[in-house]
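>
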Amino acid sequence: MPHTIRDLAAALGAEAAGNLDLIIARAAEPQAAGPQDLALATSPAYAEGLAKGQARAALLWPGADWQGLGLEAAIFAPRSRLAMAGLSRMLDAGPEIAQGVHALTDIHPTAVIGEGASIAAFVVIGRGVTIGPRARIASHVSVSEGATIGCDALLMQGVKIGSHVTIGDRFIGQPGCVIGGDGFSFVTPEKSGVEEIRATLGQREEIREQAWTRIHSLGAVTLGDDVEVGANATIDKGTIRDTIIGRGTKIDNLVHLGHNVQVGEDCLICGQVGVAGSTRIGNRVVLAGQCGVSDNIFVGDDVIAGGSTKIFTNVPAGRVILGNPAVKMETQVEINKALRRLPRLAATVAELQKTVSKL
Amino acid sequence: MPHTIRDLAAALGAEAAGNLDLIIARAAEPQAAGPQDLALATSPAYAEGLAKGQARAALLWPGADWQGLGLEAAIFAPRSRLAMAGLSRMLDAGPEIAQGVHALTDIHPTAVIGEGASIAAFVVIGRGVTIGPRARIASHVSVSEGATIGCDALLMQGVKIGSHVTIGDRFIGQPGCVIGGDGFSFVTPEKSGVEEIRATLGQREEIREQAWTRIHSLGAVTLGDDVEVGANATIDKGTIRDTIIGRGTKIDNLVHLGHNVQVGEDCLICGQVGVAGSTRIGNRVVLAGQCGVSDNIFVGDDVIAGGSTKIFTNVPAGRVILGNPAVKMETQVEINKALRRLPRLAATVAELQKTVSKL
Amino acid sequence: MPHTIRDLAAALGAEAAGNLDLIIARAAEPQAAGPQDLALATSPAYAEGLAKGQARAALLWPGADWQGLGLEAAIFAPRSRLAMAGLSRMLDAGPEIAQGVHALTDIHPTAVIGEGASIAAFVVIGRGVTIGPRARIASHVSVSEGATIGCDALLMQGVKIGSHVTIGDRFIGQPGCVIGGDGFSFVTPEKSGVEEIRATLGQREEIREQAWTRIHSLGAVTLGDDVEVGANATIDKGTIRDTIIGRGTKIDNLVHLGHNVQVGEDCLICGQVGVAGSTRIGNRVVLAGQCGVSDNIFVGDDVIAGGSTKIFTNVPAGRVILGNPAVKMETQVEINKALRRLPRLAATVAELQKTVSKL
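Just so you know, the protein sequences line up as chains A, B and C, in that order. Residue 1 is where the first sequence starts when you use the numbering used here, and the numbers rise one by one after that. Residue 360 is where the second sequence starts when you use the numbering used here, and the numbers rise one by one after that. Residue 719 is where the third sequence starts when you use the numbering used here, and the numbers rise one by one after that.
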């Protein structure tokens, strides 16, 4: 997707200098940049790399001496990651999916596909499905009966959308994600050991044989606008009502969201996070990689949880947490320091005991 | 799947009252229930919701005044989750897969498919496969050569059954699960660093370059009757004998069970649990979400492990455990309390040291 | 794949005795071995099992009295797991994929497929793809535009190779793995809460609403020779340059490797490990199951991390680590011992305080 420096700068709302008609085909790291690449040199640390590469133009830090760096043109980025977002969108050609519907597909005659859709080979679309305009649907995708997807959807290879799932506009599904598997919900005829120990925190009276009866998922999943779901992530259907993910929330690879979970708007749910059934997550919550959240609890707005934080109880809005079990991040940092010295502390106490007993 | 109140109550073995001929099409939360829905109001807390909704019938707590709640009919549930299991089964229409075999499939002529099967588009079934009566196989499923699946199987979209896998009756495979990938088993020509530190708990004599040679998986996987496997979960083949999952065991999304693992009957293995190679898990074991179990150990019958418990050593039958590394749940609860006070404890000990040294 | 004892021993470089012309079809555990199986009895502990089974030949420990064990032939294995690697390779028939290209495929006319390839039903291969000789590609695989795969590749069911991914020789992709999904990279217009707490370790000045703008992945993924990737594992594309996995590295099921990650050569990345964006992992690193590695850090050569180790900071070469957060394994073992006694330690300190205050 080639663009002039002028067009790129205008799209980014950024200042530019030099030959604004220079045409850029790709972005590249400074030392690897060729003559048609825009080198990404967003801090002075990259100046050396620029000298090694062959870039004629670069994305530079504000105030950089682009001529001194041997460039013909430059764009200046006050907030470089934000500029990267705009640049990468413009330079991304997107997946190659031919316009129209491939012959080797299985699309139910009642399905309504919006204008301008591209549907690749071996796609299956069920009865009564509605898909908005300009959808791009890669190979091996299935969209089951009664599902609805908004406009400008991008469903990558092997995405599986379950029956009666509702998805907003501009959805992106990475390869292999599953939206709308059945919830994991089972019950025993009598009170199970799990129910018992939840009440007693670990005590069991009598251990009985128990087999599991399935609770079917009659609900589905509802995703708001601008949601993205990562590769091989899974979001289960609700039992009665839908599992709900709010507008603008981004979900990474291999995340698991259980039945009846509610996630608010503009959250970031990073790789391999798991959220158990019926838990509610507020707006703008960030769960770093491998976090776990127990079932039936509430995580307030604007909570940020560091990597591998395990959340067993409600978390008030705005809290920054870390650890297993989760505590305030600053507390966990203190605990971690003390933990490293714990064997020494134990030895000190043993010494003290001896000394004191002599006294 | 509409039913009368009479039929629903009979199927649940529950008492009912009022107009038993009322027809119910769906279940709903009380406040969202329409006139053809059965409102699920299994405790007095839901009475307010009932008043807001339009339900004419409800599943109620024992002794509820259904007429006072403005209902025409009611079913009474002494154990509400168990009633939900029965209700949800009756009201679940199940996935829409047309009877018979879709034209766009690749089914080996030697494969034997039982009576009444429904096989969707783009399904692949290999040489010598046997699938029992009434199987429902959704799109993009593959069942490889020599595999055997019992009666009433439900294989959702993109399920992958490996060669020579054996599966019992009433199997449910959620979308994208993989039963029978190869085990992760590699060996170095000389003793590897991993073997060394296992013996020494962390000490290494000399670090040598080492490359990994693959041990192929010659075994397969055997699943008992009534097993369910979650979306994108993976169960690996055994090296020589089969990896084995017992009757009635339920496995959640994104679970990983390594080669040669043996899991007993009626277990619950929750989301994102991982069990490393050659470990044995007893009967009725519950591993909550994100638990991890080391290789070559044994977890006894009726063990319950709380969320994110990491199990490195054998666990005796009946124990309730929590934490990383796993200890008795009640011990972990005490440790967690003490941990939060650990920085203070360290300060106290430092004070004591000063005081005692003065004495 | 039947072989004589002579051929098996020669291929393993091992000594053999007895009837070297005996033909072996499979390997088996001693007690389960039939007359055409090679019983795997690599230590004296298996002698009893041998007596129960019907094996006529066995893989035995050095110096074993094969005749006394009632066998007709034996192979002697000084390092039994290494012998298993050779044996299992010879006895593995491999997946059944018919030679040539199945009719129900969608292969772009510009794609170049090497000689001797086997391509199963419902495979999709994009524009400009190059696949080396003797590739075996199972059903439902997709290889997107511009990807390159070396010789002797084995792509199991539903493997998804993203656009412009480069893969070396002898690649093995287990079912459902995704190489080349988009990176999880988002930015807010102003500094986000995540950026703030990284600097302050938990303090936030003011909480603002924030929405996420996507940074597209313009890079791809490069895998060296002899890489294996596990079932449903995911490796994301880089933002500008490629995510890189070195020669000989083996990756297990459900592993997540983020954008821009670099993994060295001959590493073992076990089940459910997650590595966040832009982190570099050295050569011969072993990460046991469920390890997590933060973004933008460096893990040195020959590091070994025990199960569920969570790595938040750089790790020097050769270190053996354990725990959350990661410390030296021997330190963690000490910490774990002290942790179990922590409630008692707290009580002891309280006692001491009383005693000392009396003094």
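Think of the CB as a built atom: it goes at the ideal place given N, C-alpha and C, for glycine as much as any other residue. Owing to the predicted nature of the structure, the values given are computational and were not obtained by experimental measurement.
Once the 5 residues before and after S910(C) are set aside, which same chain residues still bring their CB inside 6 Å of it?
Q928
> Which chain A residues sit within Cβ distance under 8 Å of T1066(C)?
V349, Q353
> In this structure, does DSSP put K550(B) in helix, strand or coil?
coil
> With a floor of 3 residues, list each beta strand (DSSP E) that falls wholly inside the stretch 241-317 of chain A, ordered by position along the chain.
243-245
> Starting from K160(A), find everything on chain B with Cβ-Cβ shorter than 7 Å and list it in chain order.
Q516, G517, P534, G535
> Can you list, in chain order, the residues of its chain whose CB lies under 8 Å from that of T213(A), leaving out five sequence neighbours each side?
F186, V187, T188, P189
> Using the rule of at least 16 other Cβ atoms within 10 Å of the residue's Cβ for burial, across every protein chain shown, is G150(A) buried or exposed?
buried
> Which bits of chain C does L342(A) rub up against, with CB to CB less than 9 Å?
E1052, I1053, A1056, L1057, L1060, L1063
> Kindly indicate the opening and closing residues of the beta strand (DSSP E) around E1081(C).
Absent from the model: residue 1081(C). The displayed extent of chain C is 719 to 1077, so no value can be given.
> Does the distance from the C-beta atom of A773(C) to that of P748(C) stay below 8 Å?
yes
> In terms of residues, what are the limits of the alpha helix (DSSP H) holding V883(C)?
Per DSSP, V883(C) belongs to no alpha helix (DSSP H) and is neither H nor E.
> Against S637(B), what residues of chain C qualify as contacts under a CB-to-CB distance less than 7 Å, listed in chain order?
Simply none; closest approach about 12 Å.
> Examine the Cβ distances between the stretch 286-296 of chain A and the stretch 304-323 of chain A and report whether three or more of them are shorter than 8 Å.
yes
> Just to confirm, is the Cβ distance from V662(B) to G630(B) under 8 Å?
no
> Mark R1002(C) as exposed unless 16 or more other C-beta atoms lie within 10 angstroms of its C-beta, in which case mark it buried.
buried
> Against chain A, with Cβ distances strictly below 8 Å, would G1010(C) count as a contact?
yes
> Which residues of the stretch 303-334 of chain A have a Cβ closer than 8 Å to any Cβ of chain B? Give them in chain order.
K310, F312, N324, P325, V327, T331, E334
> Quick check: is the beta carbon of S860(C) nearer than 8 Å to any beta carbon in chain A?
yes
> For E228(A), count neighbouring C-beta atoms within 10 Å of its own C-beta (all shown protein chains included) and say buried if the count is 16 or more, exposed if not.
Around the beta carbon of E228(A), 16 or more other beta carbons sit within 10 angstroms, so the residue counts as buried.
> Output the residue ranges of the beta strand (DSSP E) runs that lie fully inside the stretch 62-98 of chain A and measure 3 residues or longer, sorted by chain position.
Taking only runs of at least 3 residues, the beta strand (DSSP E) segments lying wholly in the stretch 62-98 of chain A are 73-76.
> In chain order, what residues of the same chain have a beta carbon less than 6 Å from the beta carbon of L616(B), not counting five sequence neighbours either side?
I594, V634
> Residues of chain C with CB closer than 7 Å to the CB of F545(B), please, in chain order.
K968, L986
> Please list the partners that M84(A) has in chain C, where partner means a Cβ-to-Cβ separation under 8 Å.
Against chain C, a Cβ distance below 8 Å from M84(A) picks out V905, I933, T957.
> Would you list the one or two residues that DSSP bridges to K328(A)?
I321(A)
> What's the C-alpha gap between G750(B) and H140(A)?
Nothing in the structure corresponds to residue 750(B), since chain B is present only between 360 and 718.
> Which one or two residues does DSSP pair with S860(C) in a beta bridge?
V842(C), K878(C)
> Short of 8 Å in beta carbon distance, which residues of its chain neighbour S217(A), apart from the five on each side in sequence? Order them along the chain.
D182, G183, S185, D236, K237, G238, T239, H259
> Note down, in chain order, each residue of its chain lying with its Cβ closer than 8 Å to the Cβ of G63(A), except the 5 sequence neighbours on either side.
So the list reads F76, once near-sequence residues are dropped.
> Check whether the stretch 70-90 of chain A touches the stretch 6-17 of chain A, taking contact to mean three or more Cβ pairs, one atom from each stretch, closer than 8 Å.
Here the stretch 70-90 of chain A lies against the stretch 6-17 of chain A, with 3 or more beta-carbon pairs under 8 Å apart.
> DSSP puts L777(C) in a beta bridge; with which residues?
L758(C), I793(C)
> I'd like to confirm the pairing. Which residues does DSSP put opposite S357(A) in its beta bridges?
Answer is none; S357(A) lacks a bridge partner.
> Use the C-beta contact count for G771(C): other C-beta atoms within 10 angstroms, 16 or more gives buried, fewer gives exposed.
buried
> Could you round the C-beta distance between G920(C) and V320(A) to whole angstroms and report it? I think they count as a contact, below 8 Å.
5 Å
> For the beta strand (DSSP E) that A387(B) lies in, which residues bound it at each end?
385-387
> With the cut-off set at 8 Å, would you say I456(B) and G473(B) are in Cβ contact?
no
> Please classify L155(A): does DSSP put it in a helix, a strand, or coil?
strand
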